[in-house]
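If you read the protein sequences in the order shown, they are chains P and B. Take the first sequence: its letter number 90 is residue 90 in the working numbering, and every next letter is one higher. If you want the working numbering, it's the 1-based position in the second sequence plus 375. What follows is a short report on a single structure.
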Amino acid sequence: MFLNTLHLWQFRNYCDQWVEFTAPKTIVLGENAQGKSNLLESVELLATLRSHRAMRDRELVLEGTEEGRAAARLERAIGAMDLGMVMRRSGRRTLVANGQTLKRQVDFLGLMSAVEFSSLDLDLVRGGPGYRRHWIDTLLVQLEPMYHHLLQQYNTVLRQRNALLKRHAKSDSSCLNSTELAIWDAQLATVGTRVIRRRARAIARLAPLASTWHSNISDHRETLILRYAPSVPMDADDPEQIQQTFLERIKQRAIAEQAQGTTLVGPHRDEIDFIINDTPARQFGSQGQQRTLVLALKLAELKLIEAVIGEPPLLLLDDVLAELDLNRQNKLLDTIQDRFQTLITTTHLGSFDAQWLKSSQILTVKAGEIIENEP
Amino acid sequence: MQELAQALLDAKKQVGLCSVCFHLSADPVCEICRAPSRDPNTVCVVSDSRDVIAIEKTREYKGKYHVLGGLISPMEGIGPDQLHITPLVRRVNQDNIQEVIMAISPSVEGETTTLYIGKLLKPFTRVTRIAFGLPMGGDLEYADEVTLARALEGRRDLDMG
Ligand SMILES: Nc1ncnc2c1ncn2[C@@H]1O[C@H](COP(=O)(O)OP(=O)(O)OP(=O)(O)O)[C@@H](O)[C@H]1O
Ligand SMILES: [Mg+2]
Ligand SMILES: [Zn+2]
């Protein structure tokens, strides 16, 4: 797929900006805090409906205004597509595809696909399990748009069940309605099982790709194992068995849950383990190993999305290229070639290969305005 | 839709709730509950009076109603005790009700409410639910009449898993 144009209106620090992409690689050049990451973020949003840096939509809307908009014209194998997303301070969104306002978010997902890779992604290895869950979820909504709905459902059940437990934990006089709790347990287990099975399926497909890449980038000195460690253990992809185990676990933790007033069992507590040469990468991986690992994960994502949707997704490289050493840079560049349209941000062109610069489009960003450099 | 909601709000101030089904009513017992032509053995459970109005528009349903006055939602402090659930159980026990049709939106809160009531009523009567082919998280209010009529017709026994 190819992103032809992007229009940002009252989005982050952009007032009204059109951007035209004319080459498979676009370098977005600018000093700090000018709007490079903001540009990439708009593409990430259109592809995934999620941003890895914004918690709420009001952060995305230009300060002093009520609503903002990001729109894209995309070339896909099946034809051209116009995508638009209106974000509001209130949090309500409107999604438009080819001039039609969509009723369901899932119908928007899957129209544009992108893999985002930023220096923050080292948190994937070093950070807490929440980073890894967010990562696999963002990939999953692109592979299986229905997952977006499932995840929202799960989070609602979780918040409702936590509210019930919390109220009970606070006021020991009110006795917990055990029939109501049992229904919330059942809902948590039903929806949670769906989340777990889809995560397991995605990781099973991603793991061999990531291992191959890791081995390749480390010149076959290292082997990577990706292992899903769900909060509810599963032996096989058997929904009834998982649901059964889920309910048993809830029963085992019932006293602790009621004392703490929060849900202790479920996919919101899942972990994904990265193991390099039999040791956990999180505690023991060297800086270099961790970089190799993140790069391998990103390349695996690219390939998996490409395999599933049948077209190469976009690649968004935010500040990372300059941070990779020459060997890793070359592995990455060899892979993307001209097949994956790539947007690259940087503060200076010094670390780029001259040949490479020649074939790239270069845009300069200054205080929310974009100027095309003369080739 | 805005006007209708406002009209209902105004109505709520002047009129009370039916003492049997909790639908909006100027009289102690509403017109639907009093109508001799309506099947007294079938009760359709909805969350809101607006849903009664939406289903009545289809002219497909000939039984009676029961309005819960909301959905179970711990985040908003709404538990079963805040809804008209106990009177529903009493009705089912006293009035020889043959079928309770749950017509509640398939949101997380709606699903919990449906399952909760199903659990209470299953020992006493047949509990069915309407077949939702509605937009995800869709409300009865926004479903067109044909969709609603079809959903009522295609109802099936509530599966308690
Ligand atoms: N909602 C908003 N309204 C107005 N300005 C915003 C908004 N959100 C962010 N900004 C501004 O955008 C700028 C940050 O942009 P961005 O994160 O894209 O920087 P960058 O060019 O990637 O810089 P760096 O090289 O440091 O990563 C900051 O000046 C910030 O104040
Ligand atoms: Mg940046
Ligand atoms: Zn009545």
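Each residue gets a CB set at the ideal place from its N, CA and C atoms; glycine is no exception. None of these values were measured; they are calculated from a predicted model.
With a threshold of 8 Å between beta carbons, LEU443 (chain B) makes no contact with chain P.
About 7 Å separates the beta carbons of LEU62 (chain P) and PHE11 (chain P), which is inside the 8 Å limit, making them a contact pair. Note on geometry: alpha-carbon atoms of VAL475 (chain B) and GLN152 (chain P) lie some 30 Å from one another. Chain B has a Cβ within less than 8 Å of the Cβ of TRP184 (chain P). Ligand 3 never approaches HIS7 (chain P) closely enough for any of its heavy atoms to be under 7 Å from the residue's Cβ. Partner residues in a beta bridge of LEU158 (chain P), as assigned by DSSP, do not exist. Within the chosen limit of 7 Å, ligand 3 does not reach the beta carbon of CYS419 (chain B) with any heavy atom. For THR335 (chain P), the three-state secondary structure derived from DSSP is helix. In this structure, VAL115 (chain P) keeps its C-beta atom at 8 Å or more from the C-beta atom of LEU343 (chain P). Secondary structure note for HIS134 (chain P): its alpha helix (DSSP H) is the uninterrupted segment 129-143. In this structure, the beta-carbon distance from VAL418 (chain B) to VAL427 (chain B) does not fall below 8 Å. Counting only the Cα atoms, LEU140 (chain P) lies some 30 Å from LEU164 (chain P).
Counting every other CB atom within 10 Å of its CB across the protein chains shown gives ILE78 (chain P) a total below 16, marking it as exposed. Cβ contact annotation for ARG69 (chain P) (same chain, cutoff 6 Å, sequence separation greater than five): TRP9, VAL86, in chain order.
Counting only runs of 3+ residues, the beta strand (DSSP E) found wholly inside the stretch 35-122 of chain P occupies 67-76, 79-88, 93-97, 114-118, in chain order. When C-beta distances to chain B are compared with 7 Å, the residues of the stretch 162-178 of chain P below that value are ALA163, LEU164, ARG167, ASN177, in chain order. In this structure the stretch 238-252 of chain P does not lie against the stretch 318-330 of chain P, because fewer than three pairs of beta carbons, one per stretch, are closer than 8 Å. A distance of 8 Å or more separates the beta carbons of HIS149 (chain P) and VAL96 (chain P). Scanning chain B for C-beta atoms nearer than 7 Å to the C-beta of THR156 (chain P) yields VAL483, reported in chain order. Every alpha helix (DSSP H) stretch that sits fully inside the stretch 399-428 of chain B and reaches 4 residues is listed by chain position as 406-409.
When the five nearest sequence neighbours on each side are left out, the beta carbons in the same chain lying within less than 8 Å of the beta carbon of THR335 (chain P) are those of LEU299, LEU302, in order along the chain. In the assembly as shown, ASP414 (chain B) is an exposed residue. Its beta-carbon has fewer than 16 other beta-carbons within 10 Å.
In terms of Cα proximity to ARG93 (chain P), the closest of P:LEU49, P:ARG73, P:SER119, P:ASP123 is P:LEU49. Ordered along the chain, residues surrounding ligand 2 are P:LYS36, P:SER37, P:ASP318, P:ASP319, P:THR345 [Cβ under 7 Å from any heavy atom]. DSSP lists B:CYS419, B:THR503 as the bridge partner or partners of ILE476 (chain B).
At least one heavy atom of ligand 3 lies less than 7 Å from the C-beta of CYS405 (chain B). For TYR436 (chain B), no beta strand (DSSP E) segment is defined, and its DSSP state is neither H nor E.
Under the Cβ distance rule, GLU306 (chain P) does not count among the residues neighbouring chain B, no pair being separated by less than 8 Å. Secondary structure at GLU372 (chain P): strand, using DSSP grouped into helix, strand and coil. The contact set of GLU486 (chain B) on chain P, defined by CB atoms closer than 8 Å, consists of GLN187 in chain order.
Taken in chain order, the unbroken stretches of beta strand (DSSP E) that lie wholly in the stretch 250-335 of chain P and span 3 residues or more are 271-276, 314-318. When the beta-carbon positions are compared, LEU316 (chain P) and PHE117 (chain P) come within less than 8 Å of each other. Here the alpha carbons of GLU372 (chain P) and GLN34 (chain P) stand approximately 15 Å from one another. Here ARG227 (chain P) is bridged, per DSSP, to P:ASP273. DSSP places GLN341 (chain P) in the coil class of the three-state scheme, outside both helix and strand. Of all residues in the stretch 452-482 of chain B, only GLY454, PRO455 place a beta-carbon less than 7 Å from a beta-carbon of chain P.
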